[in-house]
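First to last, the sequence lines map onto chains U and P.
First residue of the first sequence: 1473, per this note's numbering; consecutive thereafter.
First residue of the second sequence: 47, per this note's numbering; consecutive thereafter.
We treat Cβ as the ideally placed atom computed from N, Cα and C, and that holds for glycine.
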Amino acid sequence: MDAQLKKGMLDGCVLAILNRKDSYGYELTQDAKKILDVSESSLYPILRRLEASGQMTTYDVPYNGRLRRYYKLTDAGRKRLLDFKEELKDTKKVIDFIMEEDQK
Amino acid sequence: MKRDEYMRRLDTQLDGKLNREEIKNAISYYDDLLIEAVETGRNEEDVIAEIGSVEDAVAKIKAEAFFQRAEKKGKMSGYLKAIIAVLSICAIPIAISVIAVIFSLLVALFAIVLSIFAVVLSIGVAAIVLVVSGFTDLFTTNVFQSVPLISAGMVLTGITLFSVLFSIKIIQWLRILFSKIFKCIYKKIGRKGGAKYE
């Protein structure tokens, strides 16, 4: 996928993953990689930003003798996801238009 | 490259460039990723190759940290602007009262100066009237009536001259007094205004 398009989608992807269930770093990056071709280093800034803007919080759970950091959406994060979905509805019109043109 | 080496290089390259909190966050993110990946049975070096170079990671971490600092700064100045806006709105009644006080002081000053002029003018007019009527009496009626009039007129002329000098002094003194009062008000407002921006 085009870098610009990917950039726009990445936030929404992470929000959608965390909306399904709380997740930890490795699992989250693996889930994101299944959907988008994205590197671990590209996901780090997104996670930091979501946390800094209060859309996501973290909590630690003991696992294998250490602490595993889980990421969890806040109400603000769920709100942002809903807004993002609304924006995607408009984007879909554009996508449909482009695809239609392509088929002719 | 093994996990230990990757983490050590990451730490060295971040050290001194970011604060402890920012470095701790980044280090624990990458360390957790590597530990978890290896725990699922994957080859350590494969995982590290997939994650990418230390330099790339450092660049992304630094960019993000600087972005967040800039955002925080922007937010702070936003809050400051809001506080100043609220304070300015709160200051409107104070400003109105200050303006009213200054205006009333100016009116009082004007009234005092005007009344001094009126007093001096009336004494002066009385003096002229007395002297003139005294001299006209001197030629029309008798000397015994006109002399007291002329002498009273002379006395009043003296009083007039004296009161002109005296009123000039009073006006000078008022000017100094009022300029001191206005300076005091100006300083008070200036100091309050200055404190808001500290």
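Which first and last residues belong to the alpha helix (DSSP H) in which residue 151 of chain P is found?
-> 100–186
3 or more residues per run - each beta strand (DSSP E) lying fully within the segment 1513–1566 of chain U | 1528–1535 and 1538–1545
Give me the Cα-Cα distance between residue 101 of chain P and residue 52 of chain P, rounded to the nearest whole angstrom.
-> 10 Å
Residues of the segment 1513–1536 of chain U with Cβ closer than 8 Å to any Cβ of chain P, in chain order | So the list reads 1513, 1514, 1516, 1517, 1519, 1520, 1521, 1524 and 1536, given in the order they occur along the chain.
DSSP state of residue 1511 of chain U, grouped into three classes?
-> coil
Could you please tell me which residues of the segment 72–85 of chain P, in chain order, have their CB closer than 8 Å to any CB of chain U?
-> Hits within the stretch, in order: 72, 74, 75, 76, 78, 79, 81, 82, 83 and 85.
Can you say whether residue 164 of chain P is buried or exposed, counting buried as having 16 or more other CB atoms within 10 angstroms of its CB?
-> exposed
Whole-Å CB distance - residue 1528 of chain U paired with residue 1553 of chain U, under 8 Å assumed | Not a contact, Cβ separation roughly 11 Å.
For residue 234 of chain P and residue 145 of chain P, the rounded distance between their alpha carbons | 13 Å
Within its chain, find whatever has a CB closer than 7 Å to the CB of residue 243 of chain P; leave out the 5 residues flanking it on each side and keep chain order.
-> With a pLDDT of only 45 at residue 243 of chain P, under 50, the local geometry of the prediction cannot be trusted, and the value read off the model is given with reservation. Correct list: empty, nothing qualifies.
One or two residues paired with residue 1495 of chain U in a DSSP bridge | U/1543
Helix, strand or coil: how does DSSP classify residue 49 of chain P here?
-> helix
Distance between residue 137 of chain P and residue 70 of chain P (C-alpha atoms, nearest Å) = Residue 70 of chain P and residue 137 of chain P: Cα-Cα distance of roughly 45 Å.
Selection of the segment 1480–1511 of chain U by Cβ proximity to chain P, strictly under 8 Å | 1496, 1497, 1498, 1499, 1501 and 1511
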